[in-house]
Amino acid sequence: MQLKDIKTQMSLATCTLLQIAVPAAQAEENEWDVETAILFYNEDDSRVSAVEPAIYAGRELGDDQRIDLRLVVDVLTGATPNGAHASSVAQTFTTPSGKDSYTVKAGETPLDDTFQDTRVSFGADWLIGLDRLSRLTLGGNLSKEYDYQSLGLSATYARDFNDRNTTLSASVGFSSDTIEAEGDIPTEFQPMVVEGGSRNREGADDDKTITDFMIGVTQVISRNTIMQLNLSLGNTDGYQNDPFKIVTVVDPATGLPATGAFFNTATTGNLPYVYEKRPDTRDRTVLYFKTVHHLDEDVINFSYRYYNDDWEITSHTFDLKYRYELEDSYLQPHVRFYTQDAAEFYTHNLALDSDVDATSGAVSLDYASNDYRLAESETVTIGLKYGVPLSNNSEFSVRGEFISQTVDDGSVPDGEETPDLDAIILQVNYSLLW
Amino acid sequence: MASPCEVLMEVDNEKLAWQLLDVVAREAARIEAKFSRYRDDNIIHKINTAADKPVEVDDETARLLDFADQLFQMSDGLFDITSGVLRQLWRFDGSDRIPDKEAVENILDRVGWQKADWQNNQLRLDKGMEIDLGGIGKEYAVDRCIQKVGELTDQSVLINFGGDLATSCPRRHGKFWSVGRLITGRDQAVALFQLFKGAIATSGDANRYLLKDGVRYSHVLNPKTGWPIVDAAHTVSVAANTCTEAGMFSTLAMLQGSQAKAFLGVQGVEHWID
């Protein structure tokens, strides 16, 4: 007998026998799972605010295929530290366009408030079942913002073993990013100049490529416990500076921003700040462990991430969620702890003479940045999510999180410390089968 | 049902639990009494002993016969409720007693649903022919019991009649029923399924075979030849919306011999083969 597809006939015959309607599962096969969410992020002290609406949609394509699409929009406003540290004197900076300037009062952390951006990101994953036990996922991601664009591609192969209790996976990802900085790309280690001056710029755009390899194993430990371990190796090659970040050049004799010779603003037009410089290659190793344990009703979700790169940043992330089942809803408290070391070239400032030549302005260091994201820091996140399944196929949830980051600058003069950062997240989420 | 039966339920009320258990037990007993071929007081006995005369059947029996007729068509004659008489020659007891070819030829005269006259709720079989709904009954009983349960509660119940099982609806809080699957020749449940909804049925030869001159004769018989299917799988499990569907797919897969995997692949149903 030839192998013919009798699934529909079988389904109809069975429904006739049992005197039932064609079952819902049959009809569900080609439904869209849709999830919509809106996230509000707000940093204190009028720093960054973000509104992030997102929509996710996925559906089975029959024959063991599935497609997942996502569209995320970020609208960012506010101000972000420009890299110079607070000083006991007022400081004046030039905006990236070079056409304007802003002055920060003594004792305040310099923030650049020209920062405003909208990012649109679109991604798609296509899962293809190769046979009963293995599958391939091909992914693509395109994101575009005012001064940045990114195109990423990825492929993941996964195979089940051991009666599907073990899954091994391997993936490769590649991304090509281009930055077209507002006001062009500043020349590394060259000074910021007064408004209207001859700016130190070296072109309208620059780019970088990101490559990642990952291998992972997922293991069913018992009927209640599943564990996952991933190891990934990655490399970023190309332009990795933040074009808006500068480092203060301090005169050790006064403890204030340098003023003489090369940095005599009145005669040279140079401000005592140089554009940061980071290595153009970064290799990283990430180890990620996750376990999900089902109690009678509740679910515990724990993960640990270890990160290390050749900028000498090592970080640890511990994340714990506990899903507590209520009568017809659930509460999920969340605690996350993150700690990282500083990058080897992270510096509070550059010293005149020892780091920067007072006459030529030449910087003798290989790299330097005072970006607080490269500093030694600790971040604690505490959150709570409340979810209500509204019917068989939809769910509403709301999540609030409080984030507190402490930056350790090392020993720096009083009043110059990088301020701590507190932020809140509020997310509202609605998902349904369509 | 000649096999262990169990009812698992996620209910919060003991009275309801007893009520559900009672309903399932009654329905299972009713179906077994009505359709067992080992009794002499039911419709099957009446049909099998009518000797050329048409027998009028009730609606439920008619639906089962219609279903058997459709399966016969779908499987191009491999699924045949009249093939039971072949077991008078084939006894799968692990021995080497293979029937002789002539005897098989002779008994084939009494096999073949195409020879049955089934219309207008009347079934007439040639003398010597018999029907056996055993290949459908257990799965049908599971689904019927699930329906009865569904009339009483919208809480999740799992009914398992000898490895053919179905759930009434998903469990609360996205939980699943953990279902272990026994594989022939191994002692422990070697695979755990997470069953959220729907049904799983398993067909297998569970040590029922004949062994002669190094050839293993599975207990799955080809009604067209009267001989066992070559290279039949030991165990086939299929997941589907209903236990009946799952059971019929696993049975048809066994009848496909070495093509079982390809057959189920074409159907696009979740399956496990050993």
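Taken in sequence, the protein lines are chains A and B. As numbered in the working numbering, residues 97 to 530 make up the first sequence, in order. As numbered in the working numbering, residues 8 to 281 make up the second sequence, in order. Where a beta carbon is used, it is the ideal one built from N, C-alpha and C, also for glycine. Keep in mind it's a predicted model, so treat the numbers as computed, not measured.
- In summary, the residues of the region 146-158 of chain B whose CB is separated from some CB of chain A by less than 8 Å are Y147, D150, R151 and Q154, in the order they occur in the chain.
- Listed along chain B are V273 and Q274, each with a C-beta nearer than 7 Å to that of D101/A.
- Chain-order list of chain B residues neighbouring S493/A: empty, with the shortest C-beta distance near 13 Å, by a criterion of under 8 Å.
- Not a single CB atom of chain B sits nearer than 8 Å to the CB of L247/A.
- When the beta-carbon positions are compared, T321/A and H430/A stay at least 8 Å from each other.
- Against S107/A, the close residues of chain B are N248 and E252, in the order they occur along the chain (beta-carbon pairs closer than 8 Å).
- Nearest CB-CB separation between R255/A and chain B: not below the 8 Å threshold.
- For F74/B, the nearest beta carbon of chain A is closer than 8 Å to its own beta carbon.
- Restricted to the region 212-266 of chain B, the beta strand (DSSP E) segments that are unbroken, complete and at least 3 residues in length are 216-219, 222-225 and 242-247, listed in chain order.
- Residue pairing of P149/A in beta bridges, as defined by DSSP: I134/A.
- Interface with chain B (8 Å Cβ-Cβ cutoff): R319/A is included.
- For the 8 Å CB-CB criterion, V171/A and A133/A do not form a contact.
- DSSP, reduced to helix, strand and coil, places F285/A outside both helices and strands of the structure shown, so it counts as coil.
- Listed as beta-bridge partners of T263/A by DSSP are D256/A and T314/A.
- In this structure, A36/B is the residue among I236/B, L140/B and A36/B with its C-alpha nearest to the C-alpha of C12/B.
- In the DSSP assignment, G158/A is bridged to Q161/A.
- C-alpha of G219/A to C-alpha of Y253/A: approximately 18 Å in a straight line.
- Taking 8 Å as the upper bound for CB-CB distance, D518/A and D140/A are in contact here, some 5 Å apart.
- Annotation for S257/B: A208, T209, S210, V243, S244, V245 and H278 place their beta carbon closer than 8 Å to its own, counting only its chain and skipping 5 residues before and after.
- Out of V524/A, L522/A, Q436/A and S527/A, the CA that lies nearest to the CA of V503/A is found in Q436/A.
- When the beta-carbon positions are compared, A206/B and L172/B come within less than 8 Å of each other.
- Taking all protein chains shown into account, I311/A has fewer than 16 neighbouring C-beta atoms within 10 Å of its C-beta and is therefore exposed.
- Using a 10 angstroms sphere on the CB of P348/A, the tally of other CB atoms stays under 16, which defines it as exposed.
- Contact of E131/A with chain B is not assigned, every C-beta pair being separated by 8 Å or more.
- Secondary structure of S107/A (DSSP, three-state): helix.
- In the pairwise beta carbon analysis, the region 273-289 of chain A is classified as touching the region 365-374 of chain A: at least three pairs are separated by under 8 Å.
- If you look at Q523/A, you'll find it in the beta strand (DSSP E) that goes L517 to L529.
- Residues are counted here when their Cβ sits less than 7 Å from a Cβ of chain A; for the region 172-184 of chain B these are H180, given in chain order.
- N366/A counts as buried, since at least 16 other C-beta atoms from the protein chains shown sit within 10 angstroms of its C-beta.
- Within 9 Å of the CB of E421/A, the CB atoms of chain B belong to R179 and H180, in sequence order along the chain.
- Contact of R70/B with chain A is assigned, a C-beta pair being separated by under 8 Å.
- Listed in chain order, the non-local C-beta contacts of F270/B below 6 Å within the same chain comprise A260 and Q263, local neighbours out to five positions each way being set aside.
- Under a criterion of Cβ atoms nearer than 9 Å, the residues of chain A adjacent to M81/B are, in order, K100, I102, Q105, M106 and A109.
- For W407/A, there is no enclosing beta strand (DSSP E), since its DSSP letter is neither H nor E.
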